[in-house]
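Enquirer: I'd like to ask some things about the structure below.
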Amino acid sequence: MAETVGLLILSTIGATTSVTGIGSAVVTIEVAGLTISAASVVGAAAITAASIGLQYALNNPNVPKPENGAVPLKQGVRPRQRGYWINRLSGPYLLFIAAGGDSQDVIAFHSGRIEEALQLYLHDHAVAVSGTLGDGNYNTVVPPFGIAFQNVQVQIFYGTDTQNVCSTVINASTTSGTWTTAFAAQGIACICLGCGSAADPSQFTKIYPQGLPLPSIVAKCAPIWDPRDVTQALASPLTWKATPNGVVQLIDYLTEADGGMGEDRDIILPSATLAEWMIEADLCDADVGGRPRYASAGFYDFDNSPENVINKILATCDGWLAEAGDGSLALTVGVYREPIDPPLTAKHIKGYSFRKGQPDEEAVNQLDVTFTDPASGYVTAPIDAIRDEAAISASGIARPKPLDLSWVQSADQAEALGERAMLRVNPKISGTFVTTLYGLRYLGKRWIKVQFPRIRGMEDCVVEIQDKGETDLLGGKVTLNWNLVDVAALTALN
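Structural data, given as structure tokens:
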């Protein structure tokens, strides 16, 4: 997605003394004679739009819904799709013919190698097969009832660089010469499906009760590099593993050349920054009630915008992404930690604006949260609404807003994220500080202490920096947008 990356922020710096975007003031890395920041490389649009994933999830970004991925598509030119962790996927037909009275289908469901195929679906039936769904293994479908699907053969190819899907089920013989070894589909994970005709035509509807079977596969998707795993080598992709860790997924998406943003890992994630990100990765993996605190699983089309994909990942961990004062990318997941920097005080605040509460027409007192439910066949499912009962009682009306967590596959995790989002949608106080250049020290910090008695309620408090900021070097000022944090309530959700 090189066209979405670029150095637009550099041209902005050259054209004006005011740079829009969080922390665009400090640049640290020299490349081809240009000194640039890591966040500049990734792109101002992606960073600004991707600051707080849960906030973005409230706006329903245009990334495929989970149930959309489970339906085979007849489309001439279809964007490739790629997934992280476990998903139920189908895709476009590479072959869709009937030869010799039988049906032969080849469906491309994942760009690049998958780790493992776990479960075959025909329509919405999870079906058993005669053996295992290993790479290229030949199987027949075990009828889930009666004689349903008894003539169906299947092979799942994992998308390796050496595979050839012209094999047992689909080959020149079964397709009357249409599909040959020239069509190897290397690097594309595929479903090869053969549906035999019924010897007795009267049995056809019993074998195929819903017509031609529509296949999809539940799979552990792209293996990616986890810097914490000593058994994995960056230079050896065959050692990589699929993971539900959103931080590791974000690293892969930012640096993957085929289907990601293709950025230089050494530029955007120097060793010190990578070590900080691994702390956040460990927080995601921490056990909370018998599950990882934050797990991420989803897929995207190659033509989805980077900010949409980044925010899908960030939404799974209440992630916050911004540029730090040294030009690196700062990532903070949703585990509150007390700020360690000195508080921002009136000494360094040149101007301010604030608002207490929300206008009635903007207030949200109910979040209708949806997630992807594996138990229901990997489709969108709701949880009980997250409600602010006190606010609903005071206003006399529920003011709901949807929260789309399609990359979350745990109802408990979805509920926890919904509770965190509810704290954010109606801050008691929100506003903007215009600081001296002292404010540069707070760039890349999600939470900062503030001691500003000119605003009642902010004598000694913590604020969360929001998704837009401005640094004006010549004017000597930094603009920070913020929401007041209820520290006790947020800490209770850790």
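Numbering (the working numbering), first residue to last: 7 to 500. Just so it is clear, CB atoms sit at the ideal spot from N, CA and C, and this is done for glycine as well.
#1: Return yes when the Cβ of residue 170 is within less than 8 Å of the Cβ of residue 342, no when it is not.
#2: Smallest Cα separation from residue 72: which of 231, 307, 245 and 203?
#3: State buried or exposed for residue 27, treating a residue as buried only when at least 16 other CB atoms are found within 10 Å of its CB.
#4: Just to confirm before moving on: does the CB-CB distance between residue 95 and residue 196 stay below 8 Å?
#5: Using a Cβ distance threshold of 8 Å, determine whether the region 314 to 328 contacts the region 370 to 383, with at least three qualifying pairs required.
#6: Please state whether DSSP places residue 419 in a helix, a strand or coil.
#7: Run through DSSP, which three-state label would residue 388 get?
#8: If distances are taken between C-alpha atoms only, which option among 400, 140, 79 and 419 comes closest to residue 250?
#9: Considering only C-alpha positions, which residue in the set 434, 254, 414 and 444 is nearest to residue 303?
#10: Please return the same chain residues whose Cβ sits closer than 8 Å to the Cβ of residue 503, not counting the five positions on each side in sequence.
#11: Would residue 247 and residue 120 be called neighbours here (beta carbons separated by less than 8 Å)?
#12: If contact is defined by three or more beta carbon pairs under 8 Å, each pair taking one atom from either stretch, is the region 305 to 319 in contact with the region 274 to 290?
#13: Within 8 Å of any Cβ in chain C, is that where the Cβ of residue 260 sits?
#14: Can you tell me where the alpha helix (DSSP H) with residue 376 in it begins and where it stops?
#15: Beta-carbon separation of residue 442 and residue 318 under 8 Å?
#16: Strictly by DSSP, which residues pair up with residue 307?
#17: Provide the residue span of the alpha helix (DSSP H) that contains residue 401, from first to last.
#18: So, is residue 299 buried or exposed, given that buried needs 16 or more other C-beta atoms within 10 angstroms?
#19: What is the residue span of the beta strand (DSSP E) that residue 531 lies within?
#20: At the level of alpha carbons, what is the spacing between residue 399 and residue 406?
#21: With burial defined as no fewer than 16 other Cβ atoms inside 10 Å of the residue's Cβ, what is the status of residue 80: buried or exposed?
#22: Could you check whether residue 446 and residue 331 sit closer than 8 Å to each other, using their CB atoms as the reference points?
#23: Alpha carbon to alpha carbon, what distance is there between residue 107 and residue 90?
#24: Just list the residues that DSSP pairs residue 201 with in beta bridges.
Expert: This is what the structure gives:
#1: Going by C-beta atoms, residue 342 is not nearer than 8 Å to residue 170.
#2: Of the candidates 231, 307, 245 and 203, the one whose C-alpha sits nearest the C-alpha of residue 72 is 307.
#3: Any reading at residue 27 must be qualified, since the residue scores a pLDDT of 34, below 50, and its modelled position is unreliable; no value is offered.
#4: Cβ distance not < 8 Å, so residue 95 and residue 196 don't count as in contact.
#5: With the rule of 3 Cβ pairs closer than 8 Å, the region 314 to 328 does not count as touching the region 370 to 383.
#6: DSSP, read as helix, strand or coil, puts residue 419 in helix.
#7: The DSSP-derived three-state label of residue 388 is strand.
#8: The shortest C-alpha separation from residue 250 is found at 419.
#9: Among 434, 254, 414 and 444, the Cα nearest to that of residue 303 is on 414.
#10: There is simply no residue 503 to check, as the chain begins at 7 and stops at 500 in what is shown.
#11: At a Cβ-Cβ threshold of 8 Å, residue 247 and residue 120 do not count as neighbours.
#12: Taking one beta carbon from each stretch, the region 274 to 290 and the region 305 to 319 have fewer than 3 pairs nearer than 8 Å; the two do not touch.
#13: Looking for chain C here will not work: only one protein chain is present.
#14: Secondary structure note for residue 376: it is in no alpha helix (DSSP H), and the uninterrupted beta strand (DSSP E) holding it is 372 to 379.
#15: Going by C-beta atoms, residue 442 is not nearer than 8 Å to residue 318.
#16: Here residue 307 is bridged, per DSSP, to 87.
#17: Note, residue 401: alpha helix (DSSP H), 395 to 401.
#18: It is buried - the Cβ of residue 299 has at least 16 other Cβ atoms within 10 Å.
#19: Outside the shown range of the chain (7 to 500) lies residue 531, about which nothing can therefore be said.
#20: Their backbone Cα atoms lie some 14 Å apart in a straight line.
#21: Residue 80 is classed as exposed because its beta carbon has fewer than 16 other beta carbons within 10 Å across all chains shown.
#22: Contact: yes.
#23: Between residue 90 and residue 107, the C-alpha separation is close to 38 Å.
#24: Its beta-bridge partners are 109 and 158.
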